[in-house]
Every structure is written in C-alpha cells, then in structure tokens.
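Using the working numbering, the first residue of the sequence shown is number 64, and each one after it goes up by one.
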Amino acid sequence: MLRRQYLKGSPYHLEDVLGVNLYARAQEGLLTFLLLNQAPICDSRCRRCFMLESRRGKCSDSLCLAEYWKVIRDSRRAGMSCIELSGEGEPLLSPYLEGVIECADDCGFITTLVTNGHALTDATARFFFEHNVTLVVSLFSVRSESYENDNRLQGSFAKTLGNIQMAASIYREGTSVVAGSTVLRMATHTTAQADNLADLPEIRALCDELGIFCSIAPLAPVGGGQQMGSLLLDEQRSRLATDIGHNSIILSHTSKQEIGREVCGTCLYGLNIGYEGNLLFDAHAGYEVGDLLGNVRKNPLEVLLQRQRTFTTMMFNNIGGFCPIRDRRWPEFLQGFLEESREGQGALFG
C-alpha cells in the first residue's frame, strides 16, 4: 500500500501528520505561519512572475537583518511554528538569508525556502538541510528550450537540473515515515499553464525518481502572468494538472471549517510580511496597498496579528477561490478595498 506523501512544514503536514488544527489555533488567537518576503531582486525574468514590474530591483527600504531577527523571535513567542521565505525576489540573492535561517532554526521554526535554484551549491544545500529548511525549487519544464524561454536566462536549465539532483541526494537523508505517512523535506514546484502541460507527468516522474515532493499549482494572472491570458487553464484542466503532483503545499483542510472550502492555509493562518515590513493580504498579494494594513516597523506584533486575522478572513469571504491572486474576483476585491481606503470608509483597524 502506497503511503501518502507530505511536504514538511505544509498545512497538510501539520494537520494530517502532526494533528494540528490550524483553525482551532486561530480561534485562540494563534497564527501558525510567518511569511517573510525578501527584496525583489532576481536573476531571472520569468514570464509568469508574481512580482509587479514597478517593484523589481527595489531594495533600499528592505528590513535589515536585526529587524528580521526581531520579527522572527517575536513571532515564535506569539506561537508561530513555520516560516516561509519566498515572495518578491530570489531568496538566494539576499545578503540576509543565512542569518534569517540561523535565527529561525535557533527559535525552533520549520523554514520553507522557495528558490529558482540557480545559485544552489553543495555547501548551501547542506546548510539548509542542517538548519531545518524544507527546500522547494521552481521547475517550469524538463526541456531546456522551454525552461529558458520562460525565465529568459540562457544556460540556466542545466544548472538548475544539476542542482536539484545534487540537493536531492542530500535531502534524501531527511525523509521520514510518521504515522504511516512519508514526510519529505524537498520539492519541486511547477506553475501549470497551457504550454507546459506535457511536461507535468515527466516532472512528477523525476521527483519520484529522486525521492522528492512534486507540487503543481495553476498560473496566477498577476505580475507577468497578467499578460498571459491565453495560457490560463480552466477549472477542470487546472484540477487535472494539479492532481499530477503529490498534493498541495499550501491548502489547509481545517480552513473549510471557517471559510466553507479549502483555501491557502499559509495565507489564512499566517502573518504575511513584505520585504519593507508592510503587511500583505498574502505573500504575493496586496503590494499595492502600501502600509494601509500595517507595518512591523510601526505596529506591535500583537496588533498586526489581530489585523491579519480580520482582513484575511474578510478577503476569503469575498472571493471564490483558494488563493487570492488566482481568483477572478481578486482585482475587484483589491480595487474596492483601495477605493474605500481613499474615501476613509475602509478603516477596518481604526
């Protein structure tokens, strides 16, 4: 009998394997996930990138390492247990990455790092493995031409594939069996769209061969993806595409108790912080609101936790999907929020 596979640190892992009820924790005022974006600096220019072009290359307002440390330590004291490093830029290019990971590990966090993998080395992969990091490497295609057409970085495919294989050999030692389930500490993540559907079974086969997790999610029509309407998948094709992967690394079972459907647990039960300290609706949603939701430099953490629960719950009750940036009602919701804020009617937080 095949064991169900989970990615360590994902909502499903916490809920199904560790027995954590994320909704019940939230009802007690406890969030679980801390999402820390790094500055929007990247060596790729992926067609489907979440990042708004207006933010690309910005770093002057970035939180410094001491500020990241404070947020991490305060969040741990507030009961959070998982950190995700992803968002606007390529984390491996951040000068603060190792310091952030060391602090997170010292505090007892499970850290999930999402990277394009281009700058991975044997030494960095071992550092991540030894500091309780779950490693997720983006892999759009298993064909060099398709992969490099997507990220516009010549020579990157061979490097990425080699780095995935190298890291997988290190991370294989971290695979465990808990309560009859296989828990993996490394994954590839693929954005499914009309021009890479044929690659998805091959990516899954590669992951099975390497003993790592396969994550697939549909294209989000924001940032670069906003110009790629012809590559968006309808609901049925999206479901078929994502089902090729092992299971979701973001959905939460217990969110159904609160929202009536499964939605992104890292968003609903997380504190989402942009690289300059602003609260976001999601790790990739709400850059446009600036500091309207709050900022870790200006507001106490306990205030931000209360606000995050208020506006994230409101958001999911006003859109129809599992992820704000992948939902057709997101632009309407965002525009309405901004208009109410400008008119002084959106004062949710006083």
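Ideal Cβ positions, reconstructed from N, Cα and C, are used throughout, including at glycine.
| field | Cα-Cα separation, residue 89 to residue 332 | value | Taking the straight line from one Cα to the other gives about 7 Å.
| field | DSSP three-state assignment for residue 408, whether helix, strand or coil | value | Only weak support is given to the placement of residue 408: the predicted model assigns it a pLDDT of 47, under 50, and the question is left unresolved by the model.
| field | DSSP beta-bridge partners of residue 345 | value | 348.
| Hey, how far is the Cα of residue 191 from the Cα of residue 75? | When the Cα atoms are used, residue 191 and residue 75 turn out to be separated by approximately 22 Å.
| query | Helix, strand or coil for residue 194 per DSSP? | reply | For residue 194, the three-state secondary structure derived from DSSP is coil.
| How many whole angstroms separate the CB atoms of residue 94 and residue 276, which I take to be in contact at a CB cut-off of 8 Å? | Not a contact, Cβ separation roughly 24 Å.
| query | In chain order, which continuous runs of the beta strand (DSSP E) of length 3 or greater are located wholly inside the stretch 185-258? | reply | Those beta strand (DSSP E) runs which fall completely within the stretch 185-258 and span 3+ residues are 196-201, 239-241, 244-247 and 249-255.
| query | From which residue to which residue does the alpha helix (DSSP H) around residue 177 run? | reply | Careful: residue 177 lies outside any alpha helix (DSSP H), inside the beta strand (DSSP E) at 173-178.
| field | Cross-strand partners of residue 68 (DSSP beta bridge) | value | Beta-bridge partners of residue 68 (DSSP): 245.
| message | Once DSSP output is grouped into helix, strand and coil, what is the label at residue 272? | response | Reduced to three states, the DSSP call for residue 272 is helix.
| request: Within 10 angstroms of the Cβ of residue 297, are there 16 or more other Cβ atoms? Answer buried if so, exposed if not. | output: Residue 297 should be labelled exposed.
| Classification of residue 163 by the beta-carbon crowding that lies within 10 angstroms, buried from 16 upward | In summary, residue 163 is buried, with 16 or more beta-carbon neighbours lying within 10 Å of its beta-carbon over all protein chains present.
| message | I'd like the list of long-range same chain contacts for residue 122, defined as Cβ closer than 7 Å, with 5 residues on each side in sequence excluded. | response | Excluding sequence neighbours, residue 122 sits near 102 and 104.
| said: What does DSSP give as the partner residue(s) for residue 96 in the beta ladder? | reply: DSSP, once it has assigned bridges, lists 145 and 333 as partnering residue 96.
| said: Just to confirm, is the Cβ distance from residue 165 to residue 194 under 8 Å? | reply: The Cβ atoms of residue 165 and residue 194 lie closer than 8 Å to each other.
| Quick one: Cα of residue 308 to Cα of residue 322, how far? | When rounded, the separation of the alpha-carbon atoms in residue 308 and residue 322 is 25 Å.
| said: Taking its Cβ as the centre, do 16 or more other Cβ atoms sit within 10 Å of residue 389, making it buried, or is it exposed? | reply: The residue is buried, with at least 16 neighbouring Cβ atoms inside 10 Å.
| query | Does the beta carbon of residue 199 come closer than 8 Å to any beta carbon on chain B? | reply | Among the chains in the structure shown there is no chain B, since it carries only a single protein chain.
| said: Tell me the residue span of the alpha helix (DSSP H) that contains residue 304. | reply: Here the alpha helix (DSSP H) through residue 304 covers 298-305.
| said: Between which residues of its own chain and residue 281 is the CB-CB distance below 8 Å, once the five residues before and five after are set aside? | reply: Excluding sequence positions up to five before and after residue 281, its CB lies within less than 8 Å of the CB of 254, 255, 256, 295, 296, 301, 304, 305 and 389, all in the same chain and listed in chain order.
| Three-state secondary structure (DSSP) of residue 87 | Reduced to three states, the DSSP call for residue 87 is helix.
| field | Identified DSSP bridge partners for residue 401 | value | Partner(s): none; residue 401 has no beta bridge.
| field | Run of the alpha helix (DSSP H) containing residue 166, from where it starts to where it stops | value | Residue 166 -> alpha helix (DSSP H) spans 160-169.
| task | List the residues that DSSP assigns as beta-bridge partners of residue 314. | result | Answer is 327.
| request: Specify the secondary structure class of residue 322 as computed by DSSP and reduced to three states. | output: In the three-state reduction of the DSSP assignment, residue 322 falls in the helix class.
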